[in-house]
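If you're matching positions, the sequence shown starts at 1 in UniProt numbering and goes up one per residue.
Note that CB positions come from ideal geometry on N, CA and C, so glycine has one too.
Below: the structure, in structure tokens.
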Amino acid sequence: MLTASDITLGILAGGRAVRLGGLDKAWLERDGMPQVLRWQRRFAGEAGRVLVSANRALERYRQAGLTAVPDRASADIGPLAGLDSLATACVTPWLLTLPVDLVGINECLLRSLAAMSGADGAYAIDDDGPQPLVALWRVTALRDAVAAAIEAGERPVHRLQSRLDLVAVRFGGVRFGNLNTPGDLAAAGVAGQGPQQSG
Numbered sequence: 001m002l003t004a005s006d007i008t009l010g011i012l013a014g015g016r017a018v019r020l021g022g023l024d025k026a027w028l029e030r031d032g033m034p035q036v037l038r039w040q041r042r043f044a045g046e047a048g049r050v051l052v053s054a055n056r057a058l059e060r061y062r063q064a065g066l067t068a069v070p071d072r073a074s075a076d077i078g079p080l081a082g083l084d085s086l087a088t089a090c091v092t093p094w095l096l097t098l099p100v101d102l103v104g105i106n107e108c109l110l111r112s113l114a115a116m117s118g119a120d121g122a123y124a125i126d127d128d129g130p131q132p133l134v135a136l137w138r139v140t141a142l143r144d145a146v147a148a149a150i151e152a153g154e155r156p157v158h159r160l161q162s163r164l165d166l167v168a169v170r171f172g173g174v175r176f177g178n179l180n181t182p183g184d185l186a187a188a189g190v191a192g193q194g195p196q197q198s199g
């Protein structure tokens, strides 16, 4: 049985948010809480460590007490770059990944993924379909699989997952949602977007 000391929460916040004009989704606020801090606090009792895959506002993460890890890959390879940086920096046996722009998750997410895990982990399927980045990974296996996928030029995360013994865990009646468009922000009650910081 996994304990919090076995698990790092890896928050994927390295995207460019093109459909939102480049807004930094990590610092969008709902109910006065930035997205990245929302997920940090949500899993405070379930994951012993937190890493954030991010490529900007690095000082802002440090000031918030978070460890940000920028992409190591020089090419634009999408989420694979974030998974690569998180897996490389992770010192626990297991890594739970979440996109920072999720709207909501169910209370039993991590417990269910851990309980149903294959040898290399598990990923979620909600009512919208597979959510390959909402996943629990065995870190040693993820490192090898990401390296192989990057070498082969395979960018889709589902192709990466096909290299691993992962179980798909269905969460019926659940929609995680994403903050991808201005309409998504309005529907989720995202407050004024505020200045975007870099550095």
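Cα-Cα separation, residue i to residue j
i, j, result
"residue 140", "residue 85", "13 angstroms"
"residue 162", "residue 80", "14 angstroms"
"residue 71", "residue 151", "16 angstroms"
"residue 91", "residue 126", "29 angstroms"
"residue 48", "residue 9", "8 angstroms"
"residue 3", "residue 98", "18 angstroms"
"residue 50", "residue 41", "10 angstroms"
"residue 105", "residue 74", "32 angstroms"
"residue 143", "residue 89", "10 angstroms"
"residue 100", "residue 177", "11 angstroms"
"residue 7", "residue 134", "14 angstroms"
"residue 65", "residue 54", "14 angstroms"
"residue 165", "residue 186", "38 angstroms"
"residue 167", "residue 138", "12 angstroms"
"residue 130", "residue 124", "6 angstroms"
"residue 11", "residue 95", "10 angstroms"
"residue 156", "residue 1", "30 angstroms"
"residue 45", "residue 5", "10 angstroms"
"residue 204", "residue 132", "Summary: the structure shown does not reach residue 204, with the chain confined to residues 1 through 199, and so no result is reported for it."
"residue 61", "residue 117", "31 angstroms"
"residue 63", "residue 34", "14 angstroms"
8 angstroms CB neighbourhood of residue i in its chain, flanking five on each side removed
i, result
"residue 146", "80, 83, 84, 87 and 160"
"residue 198", "With a pLDDT of only 40 at residue 198, under the threshold of 50, the placement of this residue in the model should not be trusted; the figure read from the coordinates follows. Closer than 8 angstroms at the Cβ level, and outside the excluded window around residue 198, lie 56 and 57."
"residue 30", "38, 188, 189, 190 and 191"
Whole-angstrom C-beta distance between residue j and residue i, which should lie under 8 angstroms
i, j, result
"residue 76", "residue 56", "Their Cβ separation, rounded to whole angstroms, is 14 angstroms, which puts residue 76 and residue 56 out of contact at 8 angstroms."
"residue 103", "residue 188", "5 angstroms"
"residue 148", "residue 136", "Wrong, their Cβ atoms sit about 20 angstroms apart, outside the cutoff."
Neighbourhood of residue i by C-beta, 7 angstroms cutoff - its chain only, sequence neighbours within 5 removed
i, result
"residue 193", "Low local confidence applies: a pLDDT of 49 at residue 193 is under 50, so the model's placement there is unreliable, with the coordinate-based value given in what follows. Only 23 and 28 meet the Cβ criterion."
"residue 179", "25, 28, 101, 103, 185, 188 and 190"
"residue 195", "Confidence at residue 195 is low in this model, with a pLDDT of 40, below 50, so the placement of that residue should be treated as unreliable; the coordinate-derived value is given next. Result list for residue 195: empty, nothing under 7 angstroms."
"residue 13", "25, 26, 36, 52, 53, 54 and 100"
Where the alpha helix (DSSP H) through residue i begins and ends
i, result
"residue 82", "79 to 89"
"residue 39", "35 to 42"
"residue 157", "157 to 162"
"residue 183", "182 to 188"
"residue 31", "No alpha helix (DSSP H) holds residue 31; DSSP gives it neither H nor E."
"residue 112", "109 to 116"
Bounding residues of the beta strand (DSSP E) (the contiguous stretch that carries residue i)
i, result
"residue 10", "7 to 12"
"residue 202", "This structure cannot speak to residue 202, because the chain is shown only from 1 to 199."
"residue 205", "No answer is possible for residue 205: it lies beyond the span of the chain, which begins at 1 and ends at 199."
"residue 53", "49 to 53"
"residue 103", "Neither: residue 103 is in no beta strand (DSSP E) and is coded neither H nor E."
"residue 166", "166 to 170"
Beta-carbon proximity list for residue i, same chain, < 6 angstroms, skipping 5 on both sides
i, result
"residue 128", "175"
"residue 43", "9"
8 angstroms Cβ cutoff, residue i in contact with chain C
i, result
"residue 81", "Looking for chain C here will not work: only one protein chain is present."
- Task: Taking 8 angstroms as the threshold, find out whether the segment 169 to 183 comes into contact with the segment 103 to 123 through three or more Cβ pairs.
- Result: yes
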